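Take a look at the structure below.
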Amino acid sequence: MDGFESHSSRFAHYILGNAALETLAIGFRWIEGPVWMGDANCLLFQDIPNDRTMRWIEGQGASVYRAPSYYANGQTRDRQGRLIACSHRKRCLFRTEYDGRLTKLVDRHAGKRLNSPNDVVVKSDGSIWFTDPLYGISNDYEGGRQTSEQPPAVYRFDPQSGEINVVADDFDGPNGLAFSPDERRLYIAETGDQNQQSPRQYIRAFDVQADGRTLSGGDIFHKIEPGYCDGMRVDEDGNIWSSAADGIHCISPSGELLGRIFVPHVVANLTFGGPAKNRLFIGASTTLYSIFLNRRGAQTP
Ligand code: MG
């Protein structure tokens, strides 16, 4: 198989022999936050240093969807289909309403400003789980230098009540996150303090408690090499598809590397999309790629 490395017969089954890695659009500074909008038949993604959200449509290519984007990063959709995004510059989560207005959802915890929300997922109960590292306020490239008011953490936010709670705080730099299909497990990427020589960089697995709102565990689940996991998505079988320096790595629910898809640029974020959710959209540095798989994304937003 050209462009792939298989460590398991399962992975060989996930790959379509005649589906190649496609280059969809080029010319961005740094792509993150891809989210599939099935009702609009398009992909939205962030070009963070250019402070803009892009929209890609099959047959038409990419154009600007929103500028400024407030240096938005991770995106997802809530249970009502509304777009939820993390903003570095505004240090908040915001939601796009059906009429196009933007609503700031949360920008503080315990009276202090968040750092720079990085990535976000919505649980089936409507709660919004997000990571808040310092990356977006530590330099002028992806949001602008600002002072941190509290340590990095992972939060659960209830948009109904406005309640925000820390669910994990022993991170140097929490980044991408994804629930297992049964929502009993939450995977969170640790990308470390990047001022350190050897930052802590691995995927950790937490158990979601019976209350559905707190976590336990948090052991190291898998270490991506080369590079690290910035963003990840889970497929219908519970496999984790993670970004890496050399492309996409597919990891089984027991933490075993099943195989890789090689991508010519460093990958940051990815998402499943298309009507069957069998197409992986890949934000890789300056280029947007996709590849069709013999596998569907999990039925989460
Ligand atoms: Mg990220």
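Just so we're aligned, residue 517 is where the sequence shown starts under our numbering, counting upward by one. All C-beta atoms, glycine included, are put in the ideal place defined by N, C-alpha and C. What you are looking at is a predicted structure, and each value in this text was computed from that prediction instead of being measured.
Own chain residues within Cβ distance below 6 Å of residue i, not counting five before or after
i, result
"Ile573", "Cys558"
"His523", "Leu773, Leu774 and Gly775"
"Thr707", "Gly689, Asn691, Gln717 and Tyr744"
"Tyr586", "Ser603, Arg605 and Lys606"
"Ala583", "Arg568"
"Pro742", "Ala761 and Asp762"
"Pro769", "Gly754"
Residue burial classification, residue i (beta-carbon count within 10 angstroms, cutoff 16)
i, result
"Gly747", "buried"
"Ser525", "exposed"
"Ala694", "buried"
"Val580", "exposed"
"Lys793", "buried"
"Thr647", "buried"
"His765", "buried"
"Ser696", "buried"
"Leu609", "buried"
"Pro791", "exposed"
"Asn589", "buried"
"Asn732", "For the sequence presented, residue 732 should be read as Ser rather than Asn. Exposed: under 16 other Cβ atoms inside 10 Å."
"Asp563", "buried"
"Leu532", "exposed"
"Lys628", "exposed"
"Ala556", "exposed"
"Asn634", "buried"
"Glu679", "exposed"
Cβ-heavy atom distance, residue i to ligand 1, below 7 Å
i, result
"Asp641", "no"
"Asp635", "yes"
"Asn589", "yes"
"Gly692", "yes"
"Asp751", "no"
"Asn785", "yes"
"Asp746", "yes"
Close-in-space but distant-in-sequence residues of the same chain around residue i (CB under 8 Å, 5 per side omitted)
i, result
"Thr663", "Ile653"
"Gly519", "Ala536, Leu537, Ile777 and Phe778"
Any non-hydrogen atom of ligand 3 closer than 7 Å to residue i Cβ
i, result
"Glu548", "Ligand 3 is not part of the structure shown, which contains ligand 1 as its ligands."
Close beta carbons around residue i, own chain, < 7 Å, minus the five adjacent residues each side
i, result
"Glu613", "Arg598 and Thr619"
"Asp735", "Arg720 and Ala721"
For residue i, the residue or residues it bridges with in DSSP
i, result
"His738", "Ile719"
"Trp645", "Val637 and Arg672"
"Asn681", "Arg672"
"Leu618", "Thr612"
"Phe687", "Phe687 is not bridged to any residue."
"His625", "Lys628"
"Ile531", "Leu809"
"Leu693", "Ile704"
"Arg526", "Arg526 is not bridged to any residue."
"Ala600", "This sequence places Ile at residue 600; Ala is not what is there. Per DSSP, Thr592 and Arg611."
"Thr803", "Ile542 and Ala800"
"Glu521", "Arg776"
task: Let me know the beta strand (DSSP E) ranges lying completely inside the region 727-791, each 3 residues or longer, listed in chain order.
output: 731-738, 748-750, 756-760, 763-767, 773-778 and 785-789
message: Restricting to runs no shorter than 3 residues, where is the beta strand (DSSP E) found entirely within the region 536-595?
response: 538-542, 547-553, 558-563, 568-573, 577-582 and 588-593
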